[in-house]
Every structure is written in structure tokens, then in C-alpha cells.
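Number of protein chains: 2
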Amino acid sequence: MARTKAKEVAMERRDSRTILFDATAALLSERSTIEVSLSEIAQRSGLNSALIKYYFGSKEGLLLALLERVAERSMADLSSLVAMDISAEQKLRIHIGGIINTYYRSPYVNRLINYMIVRGDTTSSEKVAKIFVEPMVAAYRAIVDQGVADGAFRPMDPGMLYYSVVGACEHIFYAGYSLPTTLGLSELTEQVRQQYVQHVLDLVFHGVLARPNTAA
Amino acid sequence: MARTKAKEVAMERRDSRTILFDATAALLSERSTIEVSLSEIAQRSGLNSALIKYYFGSKEGLLLALLERVAERSMADLSSLVAMDISAEQKLRIHIGGIINTYYRSPYVNRLINYMIVRGDTTSSEKVAKIFVEPMVAAYRAIVDQGVADGAFRPMDPGMLYYSVVGACEHIFYAGYSLPTTLGLSELTEQVRQQYVQHVLDLVFHGVLARPNTAA
């Protein structure tokens, strides 16, 4: 009886947390900043804002927990990708498409990471490094090792490749305010997303130079 | 007499502004966040904090004006580079080294841009687009046009090249909190800066693939 009760409490807790995550993600997706208040989250979720404080300590705690949930899923996908029996080039291609798609679908993730870092709070920065950067760099190391061993890639520092590739993928989302100036668009469309994936793949695999057989 | 007086006032005004800019830049360079208070700026500059409000309206106004000053200089350099009688490849190489060096010397610039955008204030975002993005994209367009016309570059969207190159150059500075994880360093050294410039140049000009003559 006591065990059933404990189970119920645990399930209820999980459900409330999920409802709060979903409400927060929905609110953040709708706006272009991370300015969302506890009372807005409470209203959208239909749950009491005291519950947020109970589960997460504060709004920042909720945002960090939301980021951890997103990271958990993305990093599980990345780890499956690395373990697949395909070439290093295919892995890097799929990964690049994956980063751009994740940012396209959930632009708030990027803003949330930036917010955690710009706040300059060491605990949040370290947490972000732990949940996003560590598994990413491990994946880059494995992919570069495989590609170099196969003779497909030139030798590179995997940490530097991580910075340059992630930076190339994400800046367009981070700097969304600049879209009218750069691409003459008010927002990123699905078509532009696809073109950008192709642009980054071309850059990362071939660079900017004309290929010998296409050069004039 | 009245004209001399007016001139003196104008010079004094310029001096006070410069002193405030220098004090703010020094404070921002010393710390890893943009958290700097009016009273700290006042203390460092030896000027009254009322003067900051008088000249810039607020701390945000001072930070934006500082960013404008940095932009003015960098964009003048970029525009001279574009006008030079050298190949498009040389221009892009010099530009990439220049971005990385600017961020290395003044890491606060990057944080300041991020801060202006994360705040989600449309006026600041538009200002940043105006002072940084517009001249940058114009330069990318000119360089890509030249390179494609010469047969050196493959055709590319200059706006997309702007996002991918700037993103690749800046992420290592923006994500400085992750250096211990990625490169095993506590901070960026001059040697690593040079290696990173080379890494980005190799990536942008040749991509990750082994060259035919170096492949096993």
C-alpha cells in the first residue's frame, strides 16, 4: 500500500515536471527572448507557481532543468550516431544536419544556453559544459579519430573542430536579429534551413575554393 | 571668444567620453561577464557617475556607445581591406585572422554584442545589426563576387558565408567556459590563438577531407 502511494507520488511528480517543461518550452518558442515569468509559466501549465519553486528552486532552476532534458535526448542521439557502422564523413554530415535542425526546431535552446553563460554564474556555465560540451567533444574525438585512421580526414584538433563546426551551425540562429540584413528575410524558413545545411556541409567538406574540375 | 569656449567644451566632452570608454573597456576586459556597475565605472574613470547618465543616458547607453566605437574602427579596417588590390582569397584570409585577433584582444566585445541581443530589446538588436552586420555583409558580398569572378571561389551566398565564417571564428571566445573540456586549457593563450586561426583557415579553404596527394 505504502509502495503504491510512493509510486503515485513519484508519477505525479514526474507528470508535473513534464507539464512545466512543456509549458516553458512552448512559451520560450513563441517569443524571441528568454524573458518568461514564473506566473506566465504557472498560467500556461495550469499549475501553481509555488510548485515550480518546490521542484526547481527558482525560474533559473527550471530553465537549467529544461536544458538538461534537451541535452539528455540530443546527446543520446549523438552517442548512437557515433556508434553506428558508417563512415566518419557520414557521421559528421548527419551530425551537422542534426545541430541545425535542433536549433531550427527549438531556437530557445540556443538562447537558453547563451543566457546561462552570459549571466556569468559559474555553476550554470559548468553545468552547460558538463551536459553539452563534454559529450560533444567526445563525439568529435571519436569521429576525427575514425576519419583520420581511414585516410578520409586530414589530422585535426577535435576540440577546435568542435568550436568551428558548432559556431558555423549556430550563428545564424543566435544572430536571428540580423536576418533582414544578411539574407533579406524576416525569419528562417524551412527552405532556408535546408539551404543552410547544404552551405555548411559544402564549407566543412570542401571549403570555399572552386574545385579543380569546376574552376574556370 | 564664444567659439573658443564652445571648442573647449566640445574637447572636454570628447575627453570625458574617451576616459569613460577606456575605463569601461578595462573593467570589462578584466572580468568574464558584462556585469559592471555605474559606480565601478565612475571609480575607475575618476569621473562622476552623473556624468555617465548625462552623456549616455544609462549604463546600457554607455555600453552601446562603446560597442559603436569598436565597430567604427573595425569596419573602417574591413572597408580598407575590401578596397585593397589583392586576391579575394587573401582578403578572406586576412579578414578571418582579423576577427579572431579582435575577439582575442577584446573578448568583451563578443560578450557585449551577446548581451545587447539576449536582452531582447529591439532597438539594441537593430543597432548591432546596423553597425556590425550591414558593413560585414557588404564586405562578404564584395569578396565573394571578386573570388567567383576570378574563378577562385565557387558560387556561394555571401550572407550564409558570413554566418558560417563569423560563427566558426567566434564560438571559441563565446564558449570560453568550455575550454577546460575541449582543449584542456584554463584560458586561451597566444599560441592557441595562432593555432585556431590556422584551423579556421584550413577549414574554410580546404574543408576536413584529406587532400588527394596526402590521403593514404
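Protein sequence lines correspond, in order, to chains A and B.
One point on numbering: in my numbering, the residue at position 115 of the first sequence is 115, and numbering is uninterrupted.
Position in the second sequence counted from 1, then plus 216, gives you my numbering.
All C-beta atoms in this analysis are idealised placements derived from N, C-alpha and C, irrespective of residue type, glycine included.
- Per DSSP, the beta-bridge partners of Phe369 (chain B) are A:Leu209.
- Assigned with DSSP and collapsed to three states, Asn114 (chain A) falls in helix.
- The residue from B:Glu246, B:Phe272, B:Ser253 and B:Lys221 with its alpha-carbon nearest to that of Ser232 (chain B) is B:Phe272.
- Among the residues of chain A, those whose CB is under 7 Å from the CB of Ile388 (chain B) are Tyr163, following chain order.
- Non-local C-beta neighbours of Val148 (chain A) in its own chain, meaning closer than 7 Å and more than five positions away in sequence, comprise Pro155, ordered along the chain.
- Taking 8 Å as the cut-off, the Cβ atoms of Ile52 (chain A) and Leu27 (chain A) do not count as close.
- From the beta-carbon of Ala210 (chain A), the residues of chain B found nearer than 7 Å are Gly367, Ala368, Phe369 and Arg370.
- The stretch 171-191 of chain A makes contact with the stretch 343-361 of chain B, as at least three CB pairs between them are under 8 Å.
- In the assembly as shown, Arg111 (chain A) is a buried residue. Its beta-carbon has 16 or more other beta-carbons within 10 Å.
- The continuous alpha helix (DSSP H) containing Glu72 (chain A) extends over residues Lys59 to Ala83.
- Taking 8 Å as the CB threshold, Ser178 (chain A) lines the interface with chain B.
- For Asn114 (chain A), the closest Cβ of chain B is nearer than 8 Å.
- Leaving aside the five residues that flank Gln259 (chain B) on each side, none in its chain has a CB nearer than 8 Å to its CB.
- For Gly98 (chain A), no Cβ of chain B is located within less than 8 Å of the residue's own Cβ.
- When rounded, the separation of the alpha-carbon atoms in Gly98 (chain A) and Tyr115 (chain A) is 22 Å.
- If you look at Gly375 (chain B), you'll find it in the alpha helix (DSSP H) that goes Pro374 to Tyr390.
- The beta carbon of Ile113 (chain A) is closer than 8 Å to those of Leu67, Val128 and Phe132 in its chain, skipping five residues each way along the sequence.
- From the beta-carbon of Glu134 (chain A), the residues of chain B found nearer than 8 Å are Thr397.
- Judged by beta-carbon spacing, Gly383 (chain B) lies beyond the 8 Å limit of Phe205 (chain A), meaning their Cβ atoms are not closer than that value.
- Remark: C-beta atoms of Tyr108 (chain A) and Ser29 (chain A) approach each other more closely than 8 Å.
- Looking at the backbone, the Cα of Ile359 (chain B) and that of Cys169 (chain A) are separated by about 22 Å.
- Contact of Leu282 (chain B) with chain A is not assigned, every C-beta pair being separated by 8 Å or more.
- Under the 10 Å beta carbon count, Leu401 (chain B) is surrounded by fewer than 16 other beta carbons and is classified as exposed.
- When 9 Å is used as the limit between beta carbons, Leu203 (chain A) is near these residues of chain B: Met372, Met376, Leu377, Ser380, Val381, Ala384, Leu419, Val420 and Gly423, in chain order.
- Chain B has a Cβ within less than 8 Å of the Cβ of Ala129 (chain A).
- Within the stretch 403-416 of chain B, the residues whose Cβ lies closer than 8 Å to some Cβ of chain A are Gln411, Tyr412, His415 and Val416, listed in chain order.
- Just so you know, the alpha carbons of Ser37 (chain A) and Arg211 (chain A) end up roughly 52 Å apart.
- A direct Cα-Cα distance of roughly 6 Å separates Val353 (chain B) from Gly375 (chain B).
- For Ser124 (chain A), the CB contacts under 8 Å within the same chain, skipping 5 residues up- and downstream, are Glu60, Leu64, Met116 and Ile117 in chain order.
- For Asn101 (chain A), the enclosing alpha helix (DSSP H) covers residues Ala88 to Arg105.
- Under the 8 Å criterion on CB atoms, Val109 (chain A) is classed as non-interfacial with respect to chain B.
- Within a 10 Å sphere around the beta-carbon of Ile316 (chain B) sit 16 or more other beta-carbons, which makes this residue buried.
- For Val137 (chain A), the chain B residues whose C-beta falls within less than 7 Å of its own C-beta are Thr397 and Thr398, listed in chain order.
- Excluding the 5 residues flanking it on each side, Val70 (chain A) has same chain C-beta neighbours closer than 6 Å at Val109, in chain order.
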